[in-house]
Amino acid sequence: MIQKYIEGFEYNFTGENFFNVKGVRQNQSLFRVLEVAKRVIRECLPIKCVEAVYLGIYLTQTMSDIERLPVIFNSEIDGHKYGHIVLVIRYNCKLGAIGLSRRPDLMFKECEYNSLSEILLEYKRSYERWSHRLHKIKIGNLIPHEASRRVSAVPS
Numbered sequence: 633m634i635q636k637y638i639e640g641f642e643y644n645f646t647g648e649n650f651f652n653v654k655g656v657r658q659n660q661s662l663f664r665v666l667e668v669a670k671r672v673i674r675e676c677l678p679i680k681c682v683e684a685v686y687l688g689i690y691l692t693q694t695m696s697d698i699e700r701l702p703v704i705f706n707s708e709i710d711g712h713k714y715g716h717i718v719l720v721i722r723y724n725c726k727l728g729a730i731g732l733s734r735r736p737d738l739m740f741k742e743c744e745y746n747s748l749s750e751i752l753l754e755y756k757r758s759y760e761r762w763s764h765r766l767h768k769i770k771i772g773n774l775i776p777h778e779a780s781r782r783v784s785a786v787p788s
């Protein structure tokens, strides 16, 4: 249901950023992430993967039984480098992911994976299907459910 809501936003193909987001950064205020997500909902403009992760965080904020962590992928195809982020979630001991991408298999994953390595391997396979060479995967820390907290670091 959350994924369907996120997919209801048009993907931003314009090359212009409508929202001031720079990913889920070290020591970033969770309150700010939530405020940006509210603005995304209010303004209903096209979004990219970062805004989708912000929406995922916002829409799961009151669901304390869901664990959330950002995962960043750096890939390359034909000399062009790309960055992508999804929000991995754990619910009832299973992992899945929510997000947005131009490629359907690089965003949403059902909550059916038993481990983080299993879901990351599935993303790796998806990148390979699109002829992308995956250079790096950055795994962030769990996102807290208290808005007064700060988002933990996403390692470089």
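Number 698 in my numbering belongs to position 66 of the sequence shown; there are no gaps in the numbering.
Every residue gets a Cβ at the ideal spot worked out from N, C-alpha and C, and that includes glycine.
Remember, predicted model here, so these are calculated numbers, not experimental data.
Query                                                                                     : Result
Rounded C-alpha distance that separates Gly728 from Phe663                                : 24 Å
Contact the region 642-654 vs the region 742-749: 3+ CB pairs below 8 Å                   : no
Inter-residue CB distance, Lys636 and Ile704 (contact presumed, cutoff 8 Å)               : About 24 Å separates the two Cβ atoms, so there is no contact after all.
Same chain, Cβ closer than 6 Å to Ile721, neighbours up to 5 away in sequence not counted : Ile698, Arg700, Gly728
Tyr643, enclosing beta strand (DSSP E) - first and last residue                           : From DSSP, Tyr643 is part of no beta strand (DSSP E); its letter is neither H nor E.
Whole alpha helix (DSSP H) elements within the region 709-774, 4-residue minimum          : 748-761
Coil, strand or helix - Asn652 by DSSP                                                    : coil
Expected contact under 8 Å - CB spacing of Lys726 and Tyr745 to nearest Å                 : 6 Å
For Val682: DSSP bridge partner residues                                                  : Its beta-bridge partners do not exist; DSSP assigns none.
Candidates Tyr759, Asp710, Gln693: closest to Leu666 by CA position                       : Gln693
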